[in-house]
């Protein structure tokens, strides 16, 4: 992994971390395109000079956040194969995935938008997503099920459930508490992708 902006050791300074946290929060709340550098600075309590000492522009901030996001997501996905053998472990994995989604949903959404052209983002998008899908593919292919499943389609559905599913629930008239969301997603994954009969 490349070092964080503003750091030679890979560990960001407290100031840089405050800007990164503010960027993740404002991108999640407003979306990348609707967020300005000034919005991030107000949330971080930092000045423009401080921002531009560490980041070239808003896109540079997104690149740093995207590296963080995909590193953590790849690590989380790596735990999926061990979680699918037990219902409680799967629910815990889903809960952790939703927590990660809440923090980085604005970053992830911007990263996946093909119209956002940036060499670093395009490279990160291609390499990280392939690793993620391969992990999901291998895990789903290892399951003994009575019905055939196209594992790549299953992997796409799994990522969509974890990414888009919560967004269509949170803040709507159908808003459910997180425990209920975890239960629903677990049932969909167990029954639809793992082929388990739930009682």
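In the working numbering, the protein residues as written are 34 to 232. Using N, Cα and C, we set each Cβ at its ideal position, and we do this for glycine too.
N-terminal and C-terminal residue of the alpha helix (DSSP H) that residue i is part of
i	result
residue 88	Taken as a continuous stretch (DSSP letters only), residue 88 belongs to no alpha helix (DSSP H), as it is neither H nor E.
residue 77	70 to 77
residue 176	Looking at the DSSP string, residue 176 is not in any alpha helix (DSSP H), and its letter there is neither H nor E.
residue 127	120 to 145
residue 53	47 to 63
residue 218	211 to 221
residue 67	Careful: residue 67 lies outside any alpha helix (DSSP H) and carries neither H nor E.
CA nearest to the CA of residue i, picked from the options
i	options	result
residue 50	73, 162 and 187	73
residue 44	75, 210 and 97	97
residue 132	212, 82, 225 and 160	212
residue 175	226, 192, 161 and 157	226
residue 101	82, 189 and 54	54
residue 169	157, 178 and 189	189
residue 95	165, 167 and 155	155
residue 166	120, 114, 86 and 142	114
residue 192	162, 210 and 171	162
residue 142	63, 224 and 181	63
Supposed close pair residue i, residue j - CB separation, criterion 8 Å
i	j	result
residue 140	residue 77	So it is not a contact: roughly 16 Å between Cβ atoms.
residue 130	residue 146	Going by Cβ atoms, the distance from residue 130 to residue 146 rounds to 21 Å, so no, they are not a contact pair.
residue 127	residue 186	The pair is not a contact, with the Cβ atoms about 20 Å apart (cut-off 8 Å).
Proximity below 7 Å, CB of residue i to CB of residue j
i	j	result
residue 61	residue 138	yes
residue 195	residue 184	no
residue 47	residue 123	no
residue 144	residue 135	no
residue 151	residue 92	yes
residue 164	residue 107	yes
residue 228	residue 197	no
residue 79	residue 117	no
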